[in-house]
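Reading through the C-alpha coordinates given below for one structure.
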Amino acid sequence: MGRSYRIAVIPGDGTGPEVVREGLKVLETVASRSDFQMVFTPFDLGGERYLQSGEILPETVLRDLASFDAIYLGAIWHPGVQPGILEKGILLRIRFELDQYVNLRPVRLYEGVSTPLRDKGPADIDFVVVRENTEGLYTGAGGVLKRGTADEVAVQESINTRKGVERCIRFAFEYCRRRNRAKKLTLCGKTNVLTFAFDLWQRVFDEVAGEYPDVRADYANVDAICMWMVKNPEWFDVIVTDNMFGDIITDLGAMIQGGMGVAAGGNINPAGVSMFEPIGGSAPKYTGLNVINPIAAIAAAQLMLETLGENTAAALVERAIMKVLREDIHDVSAGRMGISTAEAGDRVAAHIATQQV
796 MGRSYRIAVI PGDGTGPEVV REGLKVLETV ASRSDFQMVF TPFDLGGERY
846 LQSGEILPET VLRDLASFDA IYLGAIWHPG VQPGILEKGI LLRIRFELDQ
896 YVNLRPVRLY EGVSTPLRDK GPADIDFVVV RENTEGLYTG AGGVLKRGTA
946 DEVAVQESIN TRKGVERCIR FAFEYCRRRN RAKKLTLCGK TNVLTFAFDL
996 WQRVFDEVAG EYPDVRADYA NVDAICMWMV KNPEWFDVIV TDNMFGDIIT
1046 DLGAMIQGGM GVAAGGNINP AGVSMFEPIG GSAPKYTGLN VINPIAAIAA
1096 AQLMLETLGE NTAAALVERA IMKVLREDIH DVSAGRMGIS TAEAGDRVAA
1146 HIATQQV
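Here the sequence shown is numbered in the working numbering, starting from 796 and rising by one per residue.
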(Lines of atoms letter the chains of each structure in order from A and count residues from 1; the text may use other names and numbers.)
(Lines give C-alpha, C1' and ligand atoms only; values in the text may rest on other atoms or scores of the structure.)
Protein backbone atom coordinates (compact mmCIF):
# COMPACT_ATOMS: atom_id res chain seq x y z
CA MET A 1 0.00 0.00 0.00
CA GLY A 2 1.31 3.45 -0.95
CA ARG A 3 -0.03 6.74 0.29
CA SER A 4 -2.09 7.12 3.44
CA TYR A 5 -4.55 9.89 4.28
CA ARG A 6 -5.93 10.77 7.69
CA ILE A 7 -9.49 12.02 7.33
CA ALA A 8 -11.41 13.74 10.13
CA VAL A 9 -15.10 12.85 9.89
CA ILE A 10 -17.81 15.12 11.33
CA PRO A 11 -21.19 13.41 10.72
CA GLY A 12 -22.99 16.28 12.45
CA ASP A 13 -26.73 16.72 12.73
CA GLY A 14 -29.94 15.31 11.24
CA THR A 15 -29.32 13.20 8.16
CA GLY A 16 -25.62 14.09 8.17
CA PRO A 17 -24.55 10.76 9.70
CA GLU A 18 -26.64 8.83 7.15
CA VAL A 19 -25.12 10.46 4.08
CA VAL A 20 -21.61 10.43 5.53
CA ARG A 21 -21.95 6.69 6.11
CA GLU A 22 -22.54 6.20 2.39
CA GLY A 23 -19.68 8.52 1.49
CA LEU A 24 -17.30 6.53 3.70
CA LYS A 25 -18.53 3.32 2.09
CA VAL A 26 -17.62 4.73 -1.31
CA LEU A 27 -14.24 6.03 -0.15
CA GLU A 28 -13.33 2.66 1.34
CA THR A 29 -14.30 0.94 -1.90
CA VAL A 30 -12.30 3.25 -4.14
CA ALA A 31 -9.29 3.12 -1.82
CA SER A 32 -9.34 -0.67 -2.01
CA ARG A 33 -8.90 -0.36 -5.78
CA SER A 34 -6.19 2.30 -5.56
CA ASP A 35 -2.65 2.76 -4.32
CA PHE A 36 -3.64 4.57 -1.14
CA GLN A 37 -5.49 4.02 2.10
CA MET A 38 -7.70 6.23 4.21
CA VAL A 39 -7.90 6.28 7.98
CA PHE A 40 -11.10 7.86 9.31
CA THR A 41 -11.41 9.50 12.73
CA PRO A 42 -14.91 10.55 13.85
CA PHE A 43 -15.56 13.79 15.75
CA ASP A 44 -18.74 14.39 17.74
CA LEU A 45 -19.68 17.96 16.87
CA GLY A 46 -23.12 19.45 16.33
CA GLY A 47 -26.42 20.26 17.95
CA GLU A 48 -26.75 17.23 20.21
CA ARG A 49 -23.34 17.77 21.79
CA TYR A 50 -24.10 21.45 22.30
CA LEU A 51 -27.47 20.73 23.94
CA GLN A 52 -25.98 18.09 26.24
CA SER A 53 -22.73 19.79 27.24
CA GLY A 54 -22.81 23.40 26.07
CA GLU A 55 -19.70 22.73 24.00
CA ILE A 56 -19.59 23.89 20.39
CA LEU A 57 -16.02 23.46 19.10
CA PRO A 58 -13.46 23.00 21.88
CA GLU A 59 -10.00 24.43 21.26
CA THR A 60 -8.42 21.00 21.61
CA VAL A 61 -10.70 19.59 18.90
CA LEU A 62 -9.87 22.46 16.54
CA ARG A 63 -6.17 21.77 17.04
CA ASP A 64 -6.78 18.10 16.29
CA LEU A 65 -8.69 18.92 13.10
CA ALA A 66 -5.76 21.03 11.89
CA SER A 67 -3.52 17.95 11.94
CA PHE A 68 -5.55 15.91 9.42
CA ASP A 69 -5.17 15.68 5.65
CA ALA A 70 -8.83 16.62 5.10
CA ILE A 71 -12.17 16.99 6.90
CA TYR A 72 -15.34 15.25 5.72
CA LEU A 73 -18.52 16.89 7.02
CA GLY A 74 -22.14 15.75 6.95
CA ALA A 75 -24.36 18.63 8.08
CA ILE A 76 -24.55 21.21 10.87
CA TRP A 77 -27.98 22.50 11.93
CA HIS A 78 -30.27 21.46 14.75
CA PRO A 79 -33.89 22.60 15.23
CA GLY A 80 -33.37 22.83 18.98
CA VAL A 81 -30.50 25.33 18.72
CA GLN A 82 -30.91 29.03 17.97
CA PRO A 83 -29.83 29.76 14.38
CA GLY A 84 -26.30 31.11 14.11
CA ILE A 85 -24.81 29.40 17.16
CA LEU A 86 -23.69 26.23 15.42
CA GLU A 87 -23.09 27.84 12.04
CA LYS A 88 -20.74 30.48 13.47
CA GLY A 89 -19.30 28.28 16.20
CA ILE A 90 -18.46 25.29 14.00
CA LEU A 91 -18.67 25.99 10.26
CA LEU A 92 -17.39 29.55 10.14
CA ARG A 93 -14.83 28.98 12.86
CA ILE A 94 -13.32 26.00 11.05
CA ARG A 95 -13.26 27.93 7.76
CA PHE A 96 -11.65 31.00 9.33
CA GLU A 97 -9.19 29.39 11.73
CA LEU A 98 -8.00 26.77 9.23
CA ASP A 99 -7.86 29.53 6.60
CA GLN A 100 -10.07 27.70 4.10
CA TYR A 101 -10.21 30.78 1.93
CA VAL A 102 -11.87 29.27 -1.14
CA ASN A 103 -15.32 27.73 -1.30
CA LEU A 104 -15.29 25.58 -4.44
CA ARG A 105 -18.70 24.73 -5.89
CA PRO A 106 -19.00 22.67 -9.07
CA VAL A 107 -22.36 23.18 -10.81
CA ARG A 108 -22.90 20.28 -13.18
CA LEU A 109 -26.12 18.73 -14.44
CA TYR A 110 -25.79 14.97 -14.90
CA GLU A 111 -27.72 12.87 -17.34
CA GLY A 112 -30.89 11.51 -15.75
CA VAL A 113 -31.30 14.49 -13.42
CA SER A 114 -34.05 17.02 -14.11
CA THR A 115 -33.39 20.75 -14.17
CA PRO A 116 -36.08 23.44 -13.84
CA LEU A 117 -34.59 25.18 -16.88
CA ARG A 118 -36.52 24.47 -20.06
CA ASP A 119 -34.50 23.24 -23.04
CA LYS A 120 -31.27 22.98 -21.04
CA GLY A 121 -29.32 19.77 -20.56
CA PRO A 122 -25.97 18.45 -19.28
CA ALA A 123 -24.05 20.17 -22.09
CA ASP A 124 -25.42 23.55 -20.96
CA ILE A 125 -24.92 23.36 -17.19
CA ASP A 126 -21.29 22.66 -16.36
CA PHE A 127 -19.41 25.44 -14.56
CA VAL A 128 -17.64 26.10 -11.25
CA VAL A 129 -18.01 28.92 -8.72
CA VAL A 130 -14.96 30.02 -6.73
CA ARG A 131 -16.26 31.90 -3.69
CA GLU A 132 -14.02 33.84 -1.29
CA ASN A 133 -14.62 32.10 2.02
CA THR A 134 -13.04 34.00 4.93
CA GLU A 135 -13.80 37.70 4.41
CA GLY A 136 -16.62 39.94 3.26
CA LEU A 137 -19.79 40.22 5.30
CA TYR A 138 -19.08 36.95 7.12
CA THR A 139 -16.30 38.23 9.37
CA GLY A 140 -18.79 39.49 11.93
CA ALA A 141 -17.59 43.10 11.78
CA GLY A 142 -20.21 45.64 12.82
CA GLY A 143 -22.50 46.29 15.71
CA VAL A 144 -25.81 47.56 17.03
CA LEU A 145 -26.54 50.88 18.75
CA LYS A 146 -29.66 51.58 20.82
CA ARG A 147 -31.02 48.08 20.27
CA GLY A 148 -34.79 47.71 20.62
CA THR A 149 -35.49 51.44 20.40
CA ALA A 150 -36.92 53.61 17.64
CA ASP A 151 -33.39 54.95 17.10
CA GLU A 152 -31.77 51.54 16.64
CA VAL A 153 -28.82 51.41 14.23
CA ALA A 154 -27.38 48.15 12.85
CA VAL A 155 -24.10 48.09 10.91
CA GLN A 156 -22.67 45.05 9.13
CA GLU A 157 -19.31 45.65 7.48
CA SER A 158 -17.83 43.88 4.48
CA ILE A 159 -14.11 43.32 4.99
CA ASN A 160 -12.06 42.87 1.81
CA THR A 161 -8.27 42.78 2.02
CA ARG A 162 -5.86 42.95 -0.88
CA LYS A 163 -4.29 39.68 0.26
CA GLY A 164 -7.64 37.90 0.62
CA VAL A 165 -8.99 39.11 -2.70
CA GLU A 166 -5.81 38.38 -4.65
CA ARG A 167 -5.31 34.84 -3.39
CA CYS A 168 -8.92 33.94 -4.20
CA ILE A 169 -8.69 35.44 -7.68
CA ARG A 170 -5.34 33.78 -8.32
CA PHE A 171 -6.78 30.42 -7.25
CA ALA A 172 -9.65 30.96 -9.70
CA PHE A 173 -7.32 31.71 -12.62
CA GLU A 174 -5.20 28.64 -11.83
CA TYR A 175 -8.29 26.48 -11.49
CA CYS A 176 -9.74 27.77 -14.76
CA ARG A 177 -6.48 27.01 -16.57
CA ARG A 178 -6.28 23.53 -15.05
CA ARG A 179 -9.94 22.79 -15.78
CA ASN A 180 -9.09 23.48 -19.42
CA ARG A 181 -12.62 23.86 -20.77
CA ALA A 182 -13.63 27.23 -22.23
CA LYS A 183 -10.83 28.94 -20.25
CA LYS A 184 -13.11 31.82 -19.35
CA LEU A 185 -13.12 33.35 -15.87
CA THR A 186 -15.98 35.70 -14.95
CA LEU A 187 -15.74 38.10 -12.02
CA CYS A 188 -19.16 38.44 -10.36
CA GLY A 189 -19.52 41.75 -8.54
CA LYS A 190 -21.44 45.01 -8.24
CA THR A 191 -18.90 47.67 -9.23
CA ASN A 192 -21.57 50.27 -9.98
CA VAL A 193 -22.84 50.33 -6.37
CA LEU A 194 -20.22 48.70 -4.12
CA THR A 195 -17.63 51.18 -5.33
CA PHE A 196 -15.06 50.54 -2.60
CA ALA A 197 -15.04 46.77 -2.17
CA PHE A 198 -15.54 45.86 -5.80
CA ASP A 199 -13.17 48.52 -7.03
CA LEU A 200 -10.54 46.49 -5.17
CA TRP A 201 -11.84 43.23 -6.65
CA GLN A 202 -11.89 44.64 -10.19
CA ARG A 203 -8.40 46.16 -9.98
CA VAL A 204 -6.86 42.99 -8.61
CA PHE A 205 -8.74 40.86 -11.13
CA ASP A 206 -7.44 42.97 -14.01
CA GLU A 207 -3.87 42.88 -12.68
CA VAL A 208 -3.81 39.11 -12.16
CA ALA A 209 -5.49 38.52 -15.55
CA GLY A 210 -2.35 39.89 -17.20
CA GLU A 211 -0.45 36.85 -15.94
CA TYR A 212 -2.92 34.46 -17.60
CA PRO A 213 -3.11 35.40 -21.30
CA ASP A 214 -4.60 31.99 -22.10
CA VAL A 215 -7.64 32.64 -19.86
CA ARG A 216 -10.33 35.02 -21.08
CA ALA A 217 -11.25 37.49 -18.32
CA ASP A 218 -14.88 38.59 -18.11
CA TYR A 219 -17.05 40.64 -15.74
CA ALA A 220 -20.77 40.75 -14.92
CA ASN A 221 -22.83 42.31 -12.14
CA VAL A 222 -24.33 39.80 -9.71
CA ASP A 223 -27.90 40.50 -10.83
CA ALA A 224 -26.92 39.79 -14.44
CA ILE A 225 -25.12 36.63 -13.32
CA CYS A 226 -28.35 35.37 -11.72
CA MET A 227 -30.35 36.11 -14.85
CA TRP A 228 -27.85 34.40 -17.15
CA MET A 229 -27.51 31.37 -14.90
CA VAL A 230 -31.21 30.83 -15.58
CA LYS A 231 -31.33 31.92 -19.22
CA ASN A 232 -27.88 30.98 -20.57
CA PRO A 233 -25.91 28.88 -18.07
CA GLU A 234 -23.75 27.61 -20.94
CA TRP A 235 -22.05 31.03 -21.02
CA PHE A 236 -20.12 30.24 -17.83
CA ASP A 237 -16.94 28.25 -17.26
CA VAL A 238 -15.56 29.50 -13.92
CA ILE A 239 -17.02 32.34 -11.83
CA VAL A 240 -15.11 34.07 -9.01
CA THR A 241 -16.83 36.26 -6.45
CA ASP A 242 -16.95 37.45 -2.85
CA ASN A 243 -18.38 35.63 0.13
CA MET A 244 -21.95 36.96 0.10
CA PHE A 245 -22.57 36.89 -3.64
CA GLY A 246 -20.99 33.44 -3.76
CA ASP A 247 -23.32 32.17 -1.06
CA ILE A 248 -26.34 33.33 -3.06
CA ILE A 249 -25.39 32.25 -6.58
CA THR A 250 -24.20 28.80 -5.49
CA ASP A 251 -27.65 28.00 -4.08
CA LEU A 252 -29.11 29.07 -7.41
CA GLY A 253 -26.51 26.84 -9.05
CA ALA A 254 -27.59 23.91 -6.90
CA MET A 255 -31.16 24.32 -8.09
CA ILE A 256 -30.32 24.40 -11.79
CA GLN A 257 -28.10 21.31 -11.44
CA GLY A 258 -31.02 19.36 -10.01
CA GLY A 259 -31.28 20.32 -6.35
CA MET A 260 -29.53 20.05 -3.02
CA GLY A 261 -29.42 16.26 -3.27
CA VAL A 262 -26.63 16.39 -5.84
CA ALA A 263 -24.75 19.60 -4.89
CA ALA A 264 -21.40 19.32 -3.14
CA GLY A 265 -18.72 21.80 -2.14
CA GLY A 266 -15.25 22.14 -0.72
CA ASN A 267 -13.79 24.68 1.69
CA ILE A 268 -10.24 24.83 0.41
CA ASN A 269 -6.91 25.80 1.92
CA PRO A 270 -4.48 24.88 -0.87
CA ALA A 271 -1.58 24.76 1.60
CA GLY A 272 -3.44 23.29 4.57
CA VAL A 273 -6.49 21.31 5.64
CA SER A 274 -9.62 21.49 3.47
CA MET A 275 -13.18 20.50 4.40
CA PHE A 276 -15.74 18.86 2.09
CA GLU A 277 -19.51 18.70 2.51
CA PRO A 278 -22.86 18.20 0.79
CA ILE A 279 -24.77 21.45 0.38
CA GLY A 280 -28.23 20.24 1.40
CA GLY A 281 -28.10 20.70 5.18
CA SER A 282 -29.30 18.42 7.96
CA ALA A 283 -32.90 17.84 6.70
CA PRO A 284 -34.13 16.84 10.20
CA LYS A 285 -37.59 15.70 9.07
CA TYR A 286 -35.96 12.85 7.13
CA THR A 287 -33.60 11.77 9.92
CA GLY A 288 -33.46 8.02 10.39
CA LEU A 289 -35.88 7.22 7.57
CA ASN A 290 -33.21 5.95 5.14
CA VAL A 291 -34.69 8.08 2.34
CA ILE A 292 -32.25 11.00 2.06
CA ASN A 293 -30.21 11.23 -1.13
CA PRO A 294 -26.51 10.58 -0.37
CA ILE A 295 -25.21 11.57 -3.82
CA ALA A 296 -24.17 15.08 -2.73
CA ALA A 297 -22.14 13.62 0.14
CA ILE A 298 -20.56 11.11 -2.23
CA ALA A 299 -19.79 13.94 -4.67
CA ALA A 300 -18.15 15.82 -1.79
CA ALA A 301 -15.97 12.76 -1.22
CA GLN A 302 -15.09 12.82 -4.92
CA LEU A 303 -14.10 16.49 -4.64
CA MET A 304 -11.94 15.60 -1.64
CA LEU A 305 -10.13 12.96 -3.70
CA GLU A 306 -9.50 15.49 -6.48
CA THR A 307 -8.13 18.03 -4.01
CA LEU A 308 -5.84 15.41 -2.47
CA GLY A 309 -4.49 14.70 -5.96
CA GLU A 310 -6.12 11.28 -6.36
CA ASN A 311 -7.59 12.08 -9.77
CA THR A 312 -7.94 8.49 -10.98
CA ALA A 313 -9.92 7.54 -7.88
CA ALA A 314 -12.03 10.70 -8.20
CA ALA A 315 -12.85 9.80 -11.80
CA LEU A 316 -13.94 6.31 -10.70
CA VAL A 317 -16.31 7.84 -8.16
CA GLU A 318 -17.73 10.37 -10.62
CA ARG A 319 -18.41 7.71 -13.27
CA ALA A 320 -20.20 5.61 -10.66
CA ILE A 321 -22.27 8.63 -9.54
CA MET A 322 -23.25 9.29 -13.15
CA LYS A 323 -24.26 5.68 -13.70
CA VAL A 324 -26.43 5.57 -10.57
CA LEU A 325 -28.11 8.87 -11.40
CA ARG A 326 -28.76 7.72 -14.96
CA GLU A 327 -29.94 4.18 -14.25
CA ASP A 328 -30.91 3.66 -10.61
CA ILE A 329 -32.36 6.82 -9.05
CA HIS A 330 -35.81 7.88 -10.25
CA ASP A 331 -35.78 11.35 -8.63
CA VAL A 332 -33.00 13.07 -6.67
CA SER A 333 -35.42 14.43 -4.03
CA ALA A 334 -35.53 12.86 -0.57
CA GLY A 335 -38.10 10.06 -0.38
CA ARG A 336 -38.55 9.91 -4.15
CA MET A 337 -35.40 8.11 -5.24
CA GLY A 338 -37.04 4.72 -5.67
CA ILE A 339 -34.23 3.21 -3.58
CA SER A 340 -33.07 3.82 -0.03
CA THR A 341 -30.12 5.91 1.16
CA ALA A 342 -28.11 2.75 1.86
CA GLU A 343 -29.02 1.20 -1.49
CA ALA A 344 -27.87 4.31 -3.33
CA GLY A 345 -24.50 4.12 -1.58
CA ASP A 346 -24.29 0.38 -2.24
CA ARG A 347 -24.87 0.89 -5.95
CA VAL A 348 -22.24 3.61 -6.28
CA ALA A 349 -19.77 1.38 -4.43
CA ALA A 350 -20.69 -1.61 -6.60
CA HIS A 351 -20.12 0.35 -9.81
CA ILE A 352 -16.72 1.45 -8.53
CA ALA A 353 -15.79 -2.15 -7.68
CA THR A 354 -16.57 -3.36 -11.21
CA GLN A 355 -15.12 -0.47 -13.26
CA GLN A 356 -11.93 -0.83 -15.21
CA VAL A 357 -9.24 1.47 -13.84
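Idealized CB from N, CA, C, for every residue including glycine.
Buried/exposed call for residue i, threshold 16 Cβ in 10 Å
i, result
"LEU846", "exposed"
"PRO1008", "exposed"
"ASP914", "exposed"
"GLU817", "buried"
"ILE871", "buried"
"ASP946", "exposed"
"PRO1073", "buried"
"ARG1121", "exposed"
"GLN832", "exposed"
"ARG998", "exposed"
"LYS1026", "exposed"
"GLU882", "exposed"
"SER829", "buried"
"HIS1125", "exposed"
"SER1077", "buried"
"VAL825", "buried"
"ARG1131", "exposed"
"ALA1058", "buried"
"GLY1133", "exposed"
C-beta atoms of residue i and residue j nearer than 8 Å
i, j, result
"ASN898", "ASN1064", "no"
"ARG926", "THR1036", "yes"
"GLU952", "ALA936", "yes"
"ALA1129", "ILE1087", "yes"
"ALA1139", "ILE1090", "yes"
"LEU822", "ALA1095", "no"
"PHE838", "VAL804", "yes"
"VAL908", "VAL1127", "yes"
"ILE954", "THR934", "yes"
"TYR896", "ARG962", "yes"
"GLY1075", "GLY1056", "yes"
"PHE1040", "VAL1010", "no"
"ASN1038", "GLY879", "no"
"ILE885", "LEU852", "yes"
"LYS941", "VAL948", "yes"
"THR929", "PHE891", "yes"
"VAL1017", "CYS983", "yes"
"ILE1051", "THR956", "no"
"ASP808", "GLY842", "yes"
"LEU989", "VAL960", "no"
"ASP1013", "THR981", "yes"
"LEU819", "PHE835", "yes"
Cβ neighbours of residue i in the same chain (closer than 7 Å, five flanking residues each side left out)
i, result
"LEU1103", "TYR800, ASP864, ALA865"
"CYS1021", "ILE1044, LEU1047"
"VAL950", "GLY937, GLY938"
"VAL1143", "VAL821, ILE1093, ALA1115, ILE1116, VAL1119"
"PRO917", "LEU904, TYR905, GLU906"
Paired residues, beta bridge with residue i - DSSP
i, result
"PRO1028", "Answer is none; PRO1028 lacks a bridge partner."
"MET833", "TYR800"
"MET1070", "ILE866, ASN1062"
"LEU980", "ALA1012, VAL1033"
"ASN898", "ARG926, ASN1062"
"SER807", "Before going further, note that residue 807 is Gly rather than Ser in the sequence given. Paired residue(s): ALA870."
"ARG903", "ASP921"
Cutoff 8 Å; reference residue i; Cβ partners in own chain excluding five residues on either side
i, result
"HIS1146", "ARG1114, ALA1115, LYS1118, VAL1119"
"SER1135", "ASN1085, VAL1086"
"LEU860", "ALA803, PHE838, ILE866, ILE889, LEU893, VAL1068"
"ALA1053", "The question names Ala, but residue 1053 is Gly in the sequence shown. Cβ within range, chain order: LEU904, TYR905, VAL908, SER909, THR910, VAL1127."
"PRO812", "PRO806, GLY869"
"ARG972", "LYS978, TYR1007, ASP1009, VAL1010"
"TYR970", "LEU899, VAL923, VAL925, VAL1033"
Sequence-distant residues of its chain with Cβ nearer than 6 Å to residue i (five each side left out)
i, result
"GLU1029", "ASP919"
"ASP921", "ARG903"
"TYR1081", "THR810, ILE1087, ALA1129"
"THR855", "none"
"LEU1098", "ALA1059, GLY1061, PHE1071"
"ALA1109", "GLN1097, LEU1100, GLU1101"
"ALA756", "Look at the range of the chain in this structure, 796 to 1152, and you will see that residue 756 is not part of it."
Any non-hydrogen atom of the ligand FAD within 7 Å of residue i CB
i, result
"VAL1057", "Ligands are entirely absent from the displayed structure, and the ligand FAD is therefore not among its contents."
My parser needs the beta strand (DSSP E) runs of 3 or more residues fully inside the segment 906 to 966; what are they?
With a minimum length of 3 residues, the continuous beta strand (DSSP E) runs that stay inside the segment 906 to 966 are 921 to 927, 937 to 940, 948 to 951.
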